[in-house]
């Protein structure tokens, strides 16, 4: 992905996630963090939270970015495993 294309991609993500988006590192590899907040399936009053950290390589979008799920709150190991599966499946659908 050219530098200009990557900038357009990052601007699109920033417009989607607004204040839940953070550019962590712009060079040499771009890293972005997205803050997610939701409600538990078990209790609508219980908030679930985590941060997704993505590292976009030179081969993005032809190669999936590396990612980490950080600071999970009120998420079980099964929930986190499900998140990994969803992220991986959705990326495979895009290629």
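Residue numbers (the working numbering): 48 to 142. Note that the Cβ used here is the ideal one computed from N, Cα and C, for glycine as well.
Using a 10 angstroms sphere on the CB of residue 133, the tally of other CB atoms stays under 16, which defines it as exposed. A Cβ-Cβ distance of about 6 Å is found for the pair residue 116 and residue 99, placing them in contact under the 8 Å criterion. Taking a C-beta distance under 7 Å as the contact criterion, residue 81 and residue 107 do not qualify as a contact pair. Within the DSSP secondary-structure output, residue 53 pairs in no beta bridge.
Counting only residues of its own chain and dropping the five nearest sequence neighbours on each side, residue 103 has a CB closer than 6 Å to the CB of 77, 112. Linking residue 73 to residue 51 through their CA atoms gives a straight-line distance of about 13 Å.
Around residue 114, the same chain offers 99, 100, 101, 102, 134 as residues with beta carbons nearer than 8 Å, after the five sequence neighbours per side are excluded.
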